[in-house]
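Offset between the sequence shown (1-based) and our numbering: plus 2. Structure, as structure tokens:
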Amino acid sequence: MARSVIVSAVRTPFGKLGGGLKDYEATELGGHAIKAALERIGLEPNEVEYVIMGQVLQGGAGQAPARQAAIAAGLPIDVPADTINKVCASSIRAIEIADSMVRAGDVEVVVTGGMESMSNAPYALKRARFGYKLGDGTLIDLMTHDGLTSSFDGRHMVEQASFVSRELGISREEQDEWALRSHRRAVKAQDEGFFEDEIVPVGEVAADEGPRRDTSIEALAKLKPVFDPEGTTTAGNAPGVNDGASCVVVCSEEFAKRRGLEPLATILAQGYVADEFAYLARTPAKAGEQALAKAGKSIDDVERVEVNEAFSSVALNSLKMLGADPDRANVNGGAVALGHPIGASGGRIVTTMINELSRNGGGLGLAAICSGGGQGDALLLQV
């Protein structure tokens, strides 16, 4: 069975809601990332055999968003493309599917990743097609409805995070401290030029817009909980609403050798789990444990862990369940600071982890992410 490797991994900057990327559709951002990922390694568009891109907020995006992104990147008309919606895990799932396709021998080169423009998510008016005979109609925010609200219990992800924090005994103070850590580390990484290796500028936007230099534990403590007055989740210990894209090129080890491409990472194992709808905070660790078990590894073998900071509570609980050393996790900040364009975040954590390990002598890396509906995915990589 063929082994799959990652030969290119890039992302756009992550823009704030209504920020510097608000005028770009998700498919434009995705196309920009794909084109840059191929150009970085000198791979010709006609060498790509398949495209798999995640996008969660597809309302109003038009048919086949992944194919739109592929065509925007200059790929030939005969390259098939799939769009994945696994909520926050969409782009990491895209990488997993590509890995399976390559190992099965179906294809040799797959472009994967994810894209999201939360700024451009439209509003919908249900029942408007046939008119309203009586009563009022309500505009539905598709960003909230399709991306941030559980279809199973009707709760916003923030409400679920506060509920699970209470259930798992994660305090407000712990969450605020983690949020401060995320911002401080992200700002430090920006100052040191760390992200320049993975970010491809979009227009005049060349850096993530989310990291805050001026945040403090005192400022975070003053923020009121969102939705639940007794809750522990605030705008400060949760990620922002963002725009951005990521792209990871997966190919067979044999193709990389034949083309003279230097692998950035080898994919060793995948993990994917489902849990109770509200228990997002458990799924990254469970998926990570599954991936480690498949590869015959333990968390002690892992040099770096990237857990998507869907909320500070998710990162805290995931590391606790995994038994991971926090000093090896999210060392350049995470989604609380950098942002969380939901369809693109899985590719972002993989890209950042590869970048980090490459700078520090390589080793095993575990990337794990939760997703709405109570699911989780993970990838174990060797850099």
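Backbone N, C-alpha and C define an ideal beta-carbon position, used for all residues, glycine too. These numbers were taken from a predicted model, which means no experiment stands behind them.
Across the set His185, Ala337, Ser254 and Ser184, the C-alpha of Ser254 shows the shortest separation from the C-alpha of Ala100.
Sequence-distant Cβ neighbours of Thr217 in its own chain, meaning closer than 7 Å and more than five residues away, are Leu182 and His185. Cβ-Cβ separation between Ser6 and Arg105: approximately 6 Å, consistent with a contact (criterion under 8 Å).
The continuous alpha helix (DSSP H) containing Gly33 extends over residues Ala28 to Ile43.
The three-state secondary structure of Lys128, taken from DSSP, is coil.
Distance from the CA atom of Ala191 to the CA atom of Ala130, rounded to whole angstroms, is 48 Å. The criterion of a C-beta distance shorter than 7 Å is not satisfied by Val89 and Ile43.
In the three-state reduction of the DSSP assignment, Gly205 falls in the coil class. In the same chain as Ala326, and ignoring 5 residues on each side of it, the C-beta atoms closer than 6 Å to its own belong to Ile301 and Val307, in chain order.
Scanning its chain for C-beta atoms nearer than 8 Å, with the 5 sequence neighbours on each side dropped, one finds around Ser373 the residues Lys88, Val89, Cys90, Ala91, Ser92, Leu282, Thr285 and Asp379, in chain order. Looking from the CA of Thr146, the closest CA among Asp138, Gln162, Tyr125 and Ala188 belongs to Tyr125. Bounds of any alpha helix (DSSP H) do not take in Asn48, whose DSSP letter is neither H nor E. Straight-line spacing of the CA atoms in Ile36 and Ala71 works out to 8 Å.
Burial check for Tyr26: the Cβ neighbour count within 10 Å reaches 16 or more, so the residue is buried.
Between Phe196 and Phe279, the CB-CB gap reaches or exceeds 7 Å.
Close CB contacts of Leu222 within its chain, under the 8 Å cut and outside five residues either way in sequence, are with Asp178, Ala181, Leu182, Thr236, Gly238 and Asn239 (chain order). The beta carbons of Val53 and Leu77 sit about 7 Å from each other, so the pair counts as a contact at 8 Å. By the criterion of a C-beta distance shorter than 6 Å, Met355 is surrounded in its chain by Arg306, Glu308, Gly367 and Ala369, once the five residues flanking it on both sides are discounted. Taking every protein chain shown into account, the CB of Leu127 has fewer than 16 other CB atoms within 10 angstroms, so this residue is exposed. The straight-line gap separating the alpha-carbon atoms of His342 and Ile351 is approximately 10 Å. Counting only unbroken stretches of 4 or more residues, the alpha helix (DSSP H) elements lying wholly within the region 297-358 are 314-324 and 337-340, in sequence order. By the beta-carbon neighbour count (other beta carbons within 10 angstroms, threshold 16), Ala295 is exposed.
Distances from the alpha-carbon of Val189 to those of Glu169, Ala11 and Gly212 put Gly212 closest. Just so you know, the alpha carbons of Ala312 and Asn319 end up roughly 12 Å apart. A check of alpha carbon separations from Asn332 across Gly345, Gly298, Ile371 and Asp303 identifies Ile371 as the nearest.
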